[in-house]
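Heads up, the thing below is written out as structure tokens.
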Amino acid sequence: MTLLNLVETKIQSVNNSFEGLSNLETLLLSHNQITPIHKNAFVPFVKLKYLNLSQNFITDFSNILEAIQHLLHLEYLDLTNNSIMSLDHSPRSLISLTQLSLQGNKLMELNFSALSLPNLTTLDVSHSFGVIQNVDLETMPQLRSLNLSGTLVKLEMLSANHLQNLREIDLSNQKFDAKWHRTEKEFISDAFVSFTATDEQWVYEELVPALEERGQPTFKLCLHHRDFEPGMDIFENIQNAINTSQKTLCMVSNHYLHSEWCQLEVQLASIKMLYEHEDVLILIFLEEIPNYKLSSYRRLRKLVNRQTFITWPENVHERPLFWARIRNALGNKSVEKDNAQLTVAD
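Quick note: the sequence shown uses the UniProt record's numbering, first residue 1, plus one each step.
Below you can see the structure in the form of structure tokens.
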């Protein structure tokens, strides 16, 4: 037997009565009334990879760790919708764990350093009923997907540097107990332009002359090769460009979809948009892209569904309207959040 399904069987505790299941790989214990778990309950499951303990009454994370610490092959642990309030012990023995779901718990404290496991790539702490006091992603460089949706996060600072390795972060329905402290001055640029090398010719031959040289008002753009600081790390250059530009223009094409750097730029601009509660991200489609091609790019698909986007027309007679729409989207010049950092609100 490789799968054991004990869902909705009214189990209240898990003792050490399991025997003869050394080949078990999947154990489903969700939708029960489990509170304690005997420390030797899962000892027979030497090959266990998937453990679902969601929808129970579990409050003590240390008790869970004691019971699963020997599961060296465990890859997925689901503790969704329990009553766990803190993660005060580290599951460091879970060297194979790749996915951990703590969605819908009552987390008041989340020690990210305790979750610095070598293979943990997906962490879901969404819809926690408490307040997560601090988010420190520096201790989790291996993390690729983080879901904080619907969770009140109290931040001293969430630097974009911490997000460098993430491929996906969900901050939707986010409630930040934070505020901007800033000095005010003009932005360095009106817009940072995110584009691929394949579309560089279009940017320099069409976009730059139209916005920087022709028409009123003119706009100052920030471009990779022209305006990035020599010798500075490319990630830091991108971060600085987005933070010191009023808006970000994304030149979306089929090549854009496959660029990891462009996806990172979209991610950082999206986070800035969430913090500032303003439309700071403008999507410009350089060619038609069918919906099925966007389906694999979750963040862009969400933006397309929520944001107004502008499409480059093949008909030259429609292009004056195209440029007018971009100028309208760029709007008035504003102020920069100079040396801004996100600090805890009083």
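A virtual CB, placed ideally from N, CA and C, is assigned to each residue, including glycine.
Please classify GLY331: is it buried, with 16 or more other beta-carbons within 10 angstroms of its beta-carbon, or exposed?
exposed
Tell me the rounded alpha-carbon separation between ALA329 and ILE282.
7 Å
Find out if the Cβ-Cβ distance for the pair LEU107, SER86 is shorter than 8 Å.
yes
Under the assumption that LEU123 contacts LEU143 (Cβ atoms under 8 Å), give the Cβ distance between them as a whole number of angstroms.
6 Å
Roughly how many angstroms lie between the CA atoms of THR311 and THR35, to the nearest whole one?
Rounded to whole angstroms, THR311 to THR35 spans 55 Å at the Cα level.
So what's MET232 in DSSP terms, helix, strand or just coil?
DSSP places MET232 in coil when its eight states are reduced to three.
At least 3 beta-carbon pairs within less than 8 Å: the segment 71-83 vs the segment 48-55
When Cβ pairs closer than 8 Å are counted between the two stretches, the segment 71-83 is seen to touch the segment 48-55, the count reaching three or more.
Contact set for MET1: own chain, Cβ-Cβ below 7 Å, skip 5 residues either direction:
LEU21, ASN23 and LEU24
DSSP three-state assignment for MET273, whether helix, strand or coil:
Note: MET273 maps to helix in three-state DSSP.
Three-state class that DSSP yields for LEU65 in the structure shown
helix
Classify LYS272: buried if its beta carbon has 16 or more other beta carbons within 10 angstroms, exposed otherwise.
buried
Residue(s) in a DSSP beta bridge with residue 356:
With the chain covering only 1 through 346, there is no way to say anything about residue 356.
Coil, strand or helix - LEU110 by DSSP
strand
THR9 bridges to which residues according to DSSP?
Its beta-bridge partners do not exist; DSSP assigns none.
Which one of VAL43, SER101 and ASN81 has the shortest CA to CA distance from ASN56?
ASN81
For PRO91, I'd like the list of residues in its chain whose CB is within less than 6 Å of its CB, leaving aside the five on either flank, ordered along the chain.
Close CB contacts of PRO91 within its chain, under the 6 Å cut and outside five residues either way in sequence, are with LEU65 (chain order).
Using only the alpha-carbon positions, how far apart do ILE37 and LEU120 sit?
23 Å
Separation of ASP227 from HIS70, as counted between CA atoms:
53 Å
Whole-Å CB distance - LEU3 paired with LEU29, under 8 Å assumed:
Going by Cβ atoms, the distance from LEU3 to LEU29 rounds to 12 Å, so no, they are not a contact pair.
Cβ contact check for the segment 204-217 and the segment 230-238: 3 or more pairs under 8 Å
Too few Cβ pairs lie closer than 8 Å, so no.
Going by alpha carbons, who is nearest to ASP190 out of CYS222, SER13 and GLU206?
CYS222
ILE95, buried or exposed, once every other Cβ within 10 Å from all chains shown has been counted against 16
exposed
Whose C-beta lies closer than 6 Å to the C-beta of ASN105 among residues of the same chain, with five residues either side of it excluded?
Once the five neighbours on either side are set aside, the close Cβ partners of ASN105 are ASN82, ILE84 and SER128.
Give the DSSP bridge partners of ASP78, in chain order.
ASN52 and SER101
With a 10 Å radius around its C-beta and 16 neighbouring C-beta atoms as the bar for buried, classify ALA67 as buried or exposed.
buried
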